[in-house]
Ligand code: NAD
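Residue numbers (the working numbering): 1 to 480.
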């Protein structure tokens with residue numbers, strides 16, 4: 001494919017495009033065509049990355065927050081300049097529409113800009129002392145070299161988060177981006193280098209994920225892990241991290257409830273929810289709305305409106321200008337959609353829209369709306385990670401809160417209501433790291449993002465995101 005770049009890792013500023021450790025093909029999910037081949041890191045490459053990260057940390061941690069910020073602003077500016085080149089590549093390897101790909105890269109640039117400024121505000125404090133002549137001070141120091149592990153659903157945004165937060169805090173970052181969508185991460189790391197970030201401050205490796213993560217984590221160099229991905233892998237990494245007590249930020253799966261109360265406008269709620277459900281990466285988003293609980297008074301109007309919108313969505317190759325929803329990122333997701341829809345149907349759900357694969361080539365799945373879905377259906381228990389919208393009626397808020405909180409996940413939750421009283425009741429009662437009312441924007445560079453329960457631990461975004469890459473040091477002096 002002509003405008004898909006040749007793939008390589010980046011260690012200590014050098015490109016590595018061949019290896020004895022193995023390689024993997026990268027495919028276009030819209031056409032199933034092979035886009036390129038990715039070399040896997042050998043043990044020597046990983047050790048080089050560790051040494052490079054440790055070395056670069058010794059100087060990067062001494063760079064002032066102002067100077068680090070100036071470099072991160074350059075990264076943001078250069079990334080924006082390169083969106084026209086990177087967006088089609090993101091689209092080719094991941095599938096989302098070109099409009100979404102460009103928006104994701106703009107968001108990635110916004111993260112760099114935000115971190116450029118927030119790095120200047122990692123303040124300590126002075127604690128009044130008990131003894132005359134003593135000074136008691138608290139400093140924030142970078143935690144050390146970090147390991148960022150990013151998934152295939154946001155190949156631009158998630159690597160940007162891992163890199164920018166680490167660098168703004170004074171840490172270095174080894175990024176192991178998804179092997180299924182490697183080129184976007186590679187182009188972002190290249191932007192970092194071209195903007196003047198010194199060699200070794202950001203290294204990029206690929207390989208067999210369990211081999212790479214266990215090798216890098218079994219090292220004293222890495223002091224912090226930041227992982228975005230599935231709950232089972234997050235639990236596995238948390239166990240590995242316990243060997244050396246590396247700090248973990250884990251952004252794992254969700255299963256977001258959407259509660260539509262009968263005082264809300266069901267048509268508005270359907271329109272807003274549909275944009276997050278279908279138009280955002282075909283539902284392959286950890287904060288995608290996935291369980292729709294609709295109060296009886298507006299149940300029919302909401303279901304009909306959501307189905308109508310789903311049927312109107314233009315599904316196609318992300319590179320086509322009129323495509324609103326691209327393919328799923330891989331065949332595993334298509335198989336999952338098939339399994340989840342068949343199961344819900346068998347348990348009595350009615351399919352109001354979609355429910356089937358689209359076309360013969362590519363991993364396309366129709367935007368799907370199902371009503372009267374039983375709570376025992378697998379899709380009401382397992383994160384669908386795709387364009388499925390199961391709708392269930394309810395009558396009382398107390399009852400819907402119990403159902404919404406029933407699962408081990410607690411990432412995002414959404415509600416539509418015009419009543420402040422009912423909104424407060426939901427905000428208090430729901431178990432989630434992020435709750436929004438009457439809109440579905442769950443994360444911004446400046447807001448803390450993360451889950452509760454099995455959806456993860458720690459926060460990315462906002463001051464909390466930088467704090468996760470810092471340790472608190474207490475220093476006290478006595479005057480003699
Ligand atoms: P998976 O569990 O195989 O992989 C999830 C991610 O973890 C991938 O990026 C993979 O490369 C990485 N990974 C796997 N084993 C690893 C290891 N030992 N060390 C380090 N990284 C490792 O699942 P999948 O088929 O890729 O995706 C399916 C599910 O994952 C989805 O249904 C969803 O629940 C979850 N997921 C969540 C997010 C998110 O944004 N939180 C992103 C992608 C996938």
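Here a beta-carbon is modelled for each residue, glycine too, at the ideal position from N, C-alpha and C.
Problem - Every unbroken alpha helix (DSSP H) within the stretch 81-125, with a cutoff of 4 residues, ordered by chain - result: DSSP runs (the alpha helix (DSSP H)) wholly in the stretch 81-125: 83-94, 98-118.
Problem - Sequence-distant residues of its chain with Cβ nearer than 8 Å to residue 42 (five each side left out) - result: Within the chain shown, residue 42 is the residue found at index 42, counting from 1. Closer than 8 Å at the Cβ level, and outside the excluded window around residue 42, lie 19, 20, 21.
Problem - Residues near residue 334 in its chain [Cβ-Cβ closer than 7 Å; skip 5 each side] - result: Position 334 of the chain shown holds residue 334. Within the same chain, residue 334 has close Cβ partners 328, 357, 363, 365.
Exercise for the section: Compute the beta-carbon to beta-carbon distance between residue 291 and residue 255, rounded to the nearest angstrom, for a pair I have assumed lies under 8 Å. Expected result: Numbered from 1 along the chain shown, position 291 holds the residue referred to as residue 291. Numbered from 1 along the chain shown, position 255 holds the residue referred to as residue 255. Residue 291 to residue 255, Cβ: 6 Å. Contact.
Handout entry: Start-to-end residues for the beta strand (DSSP E) that takes in residue 205
Key = As a first step, residue 205 is located in the chain shown; it is residue number 205 there, counting from the start. In this chain, the beta strand (DSSP E) harbouring residue 205 covers 202-205.
Exercise for the section: For residue 67, count neighbouring Cβ atoms within 10 angstroms of its own Cβ and tell me buried if that reaches 16, exposed if not. Expected result: Counting from 1 along the chain shown, the entry for residue 67 is found at position 67. So residue 67 counts as exposed.
Exercise for the section: Give the straight-line distance between the Cα atoms of residue 1 and residue 33, rounded to the nearest whole angstrom. Expected result: The residue you call residue 1 lines up with position 1 of the chain shown. The residue you call residue 33 lines up with position 33 of the chain shown. Annotation note: pLDDT 49 at residue 1 (below 50); position unreliable, coordinate value reported separately. Spanning the two alpha carbons is a distance of roughly 9 Å.
Practice task
State yes or no: is the C-beta of residue 155 within less than 8 Å of the C-beta of residue 278?
Solution key: As a first step, residue 155 is located in the chain shown; it is residue number 155 there, counting from the start. As a first step, residue 278 is located in the chain shown; it is residue number 278 there, counting from the start. No, Cβ-Cβ distance for residue 155 and residue 278 is not below 8 Å.
Practice task
Can you check the stretch 355-434 for any alpha helix (DSSP H) of at least 4 residues that lies completely inside it and give the ranges in chain order?
Solution key: Within the stretch 355-434, the complete alpha helix (DSSP H) segments of 4 residues or longer fall at 397-404, 420-429, listed in chain order.
Handout entry: Euclidean distance between Cα positions of residue 219 and residue 242
Key = Start at 1 with the first residue of the chain shown, and residue 219 comes out as number 219. Start at 1 with the first residue of the chain shown, and residue 242 comes out as number 242. Rounded to whole angstroms, the separation of the alpha carbons of residue 242 and residue 219 is 12 Å.
Problem - Residues sharing a beta bridge with residue 249, DSSP - result: Counting from one through the chain shown, the residue named residue 249 turns up at place 249. Paired residues: 226.
Problem - Host beta strand (DSSP E) of residue 340 (start-end) - result: If you number the chain shown from 1, residue 340 lands on position 340. Element bounds for residue 340: not the beta strand (DSSP E) but the alpha helix (DSSP H), 331-346.
Exercise for the section: Please go through the same chain and pick out, in chain order, the residues whose beta-carbon is closer than 7 Å to the beta-carbon of residue 48, but skip the five residues on each side of it. Expected result: If you number the chain shown from 1, residue 48 lands on position 48. The answer, listed in chain order, is 11, 12.
Exercise for the section: State yes or no: is the C-beta of residue 445 within less than 8 Å of the C-beta of residue 114? Expected result: Residue mapping note: residue 445 aligns to position 445 of the chain shown, counting from 1. Residue mapping note: residue 114 aligns to position 114 of the chain shown, counting from 1. A contact, by the Cβ cut-off of 8 Å.
Practice task
Note down the Cα distance separating residue 147 from residue 50, rounded to an integer number of angstroms.
Solution key: If you number the chain shown from 1, residue 147 lands on position 147. If you number the chain shown from 1, residue 50 lands on position 50. Going by the C-alpha atoms only, they are around 10 Å apart.
Practice task
Report the rounded CA-to-CA distance for residue 465 versus residue 350, giving the unit in angstroms.
Solution key: Within the chain shown, residue 465 is the residue found at index 465, counting from 1. Within the chain shown, residue 350 is the residue found at index 350, counting from 1. Their Cα atoms are separated by approximately 42 Å.
Exercise for the section: Give a yes or no on whether the minimum CB-CB distance between residue 228 and chain C is below 8 Å. Expected result: Considering every chain present, this structure includes no chain C. It has just one protein chain.
Practice task
Mark residue 143 as exposed unless 16 or more other C-beta atoms lie within 10 angstroms of its C-beta, in which case mark it buried.
Solution key: For the purposes of this step, residue 143 is taken as the residue at position 143 of the chain shown. By the beta-carbon neighbour count (other beta carbons within 10 angstroms, threshold 16), residue 143 is buried.
Problem - Cβ shell of residue 166 (< 8 Å), same chain only, five flanking positions each side left out - result: The sequence position of residue 166 within the chain shown is 166, counting from 1. So the list reads 146, 148, 172, 173, 224, 226, 469, once near-sequence residues are dropped.
Problem - For residue 1, three-class secondary structure by DSSP - result: Taking the chain shown and counting its residues from 1, the one referred to as residue 1 is at position 1. Note that residue 1 scores 49 on pLDDT, short of 50, meaning its location in the model is unreliable; the coordinates nonetheless yield the value given after this. Residue 1: coil per DSSP, three-state reduction.
Handout entry: Beta-carbon proximity check, residue 8 vs residue 186, cutoff 8 Å
Key = In the chain shown, residue 8 corresponds to position 8, counting from 1. In the chain shown, residue 186 corresponds to position 186, counting from 1. Yes, Cβ-Cβ distance for residue 8 and residue 186 is below 8 Å.
Practice task
Would you check if there are 3 or more beta carbon pairs closer than 8 Å linking the stretch 311-326 to the stretch 366-380?
Solution key: Remark: three or more beta-carbon pairs, one from each stretch, lie closer than 8 Å, so the stretch 311-326 and the stretch 366-380 are flagged as touching.
Exercise for the section: Go to residue 239, then tell me how far its beta strand (DSSP E) extends in each direction, as first and last residue. Expected result: Here the question's residue 239 lines up with position 239 in the chain shown. For residue 239, there is no enclosing beta strand (DSSP E); the enclosing alpha helix (DSSP H) has its first and last residue at 231-242.
Problem - Touch test, the stretch 395-402 against the stretch 372-379, Cβ-Cβ under 8 Å, three pairs minimum - result: No, the stretch 395-402 does not touch the stretch 372-379.
Handout entry: C-alpha gap between residue 284 and residue 355, whole angstroms
Key = Start at 1 with the first residue of the chain shown, and residue 284 comes out as number 284. Start at 1 with the first residue of the chain shown, and residue 355 comes out as number 355. One C-alpha to the other measures close to 16 Å.
Handout entry: Endpoints, the beta strand (DSSP E) within which residue 163 is located
Key = Counting from one through the chain shown, the residue named residue 163 turns up at place 163. That residue, residue 163, is in no beta strand (DSSP E); its alpha helix (DSSP H) goes 157-169.
Handout entry: the stretch 418-430 touching the stretch 115-134, judged by at least three CB pairs closer than 8 Å
Key = A contact between stretches requires three or more CB pairs, one per stretch, nearer than 8 Å, and the stretch 418-430 fails this requirement with the stretch 115-134.
Exercise for the section: Report the rounded CA-to-CA distance for residue 184 versus residue 6, giving the unit in angstroms. Expected result: If you number the chain shown from 1, residue 184 lands on position 184. If you number the chain shown from 1, residue 6 lands on position 6. Using only the alpha carbons, I get a separation of about 12 Å.
Problem - Coil, strand or helix - residue 284 by DSSP - result: Counting from 1 along the chain shown, the entry for residue 284 is found at position 284. Reduced to three states, the DSSP call for residue 284 is coil.
Practice task
Please confirm whether any heavy atom of ligand 1 lies closer than 7 Å to the CB of residue 228.
Solution key: As a first step, residue 228 must be located in the chain shown, where it is residue number 228. The beta carbon of residue 228 sits closer than 7 Å to at least one heavy atom of ligand 1.
Handout entry: Whole-angstrom distance between residue 411 and residue 316, CA atom to CA atom
Key = To locate residue 316, count along the chain shown from 1; it is residue 316. To locate residue 411, count along the chain shown from 1; it is residue 411. About 29 Å.
Handout entry: residue 479 beta carbon near ligand 1 (any heavy atom closer than 7 Å)
Key = On the chain shown, residue 479 is found 479 positions in, with the first residue counted as 1. Every heavy atom of ligand 1 is 7 Å or more from the Cβ of residue 479, so no.
Problem - Inter-residue Cα distance where the pair is residue 128 and residue 471 - result: By 1-based counting over the chain shown, the position of residue 128 is 128. By 1-based counting over the chain shown, the position of residue 471 is 471. Approximately 21 Å, taken between the alpha carbons.
Problem - Inter-residue spacing [alpha-carbon to alpha-carbon] between residue 298 and residue 65 - result: Along the chain shown, one-based indexing puts residue 298 at 298. Along the chain shown, one-based indexing puts residue 65 at 65. Straight-line measurement puts the Cα of residue 65 at about 52 Å from the Cα of residue 298.
Exercise for the section: Taking 8 Å as the cut-off, decide whether the C-beta atoms of residue 250 and residue 230 are in contact. Expected result: By one-based count along the chain shown, residue 250 stands at place 250. By one-based count along the chain shown, residue 230 stands at place 230. No, they are not a contact pair.
Exercise for the section: Please classify residue 293: does DSSP put it in a helix, a strand, or coil? Expected result: Within the chain shown, the letter at position 293 stands for residue 293. Residue state, collapsed to three classes: strand.
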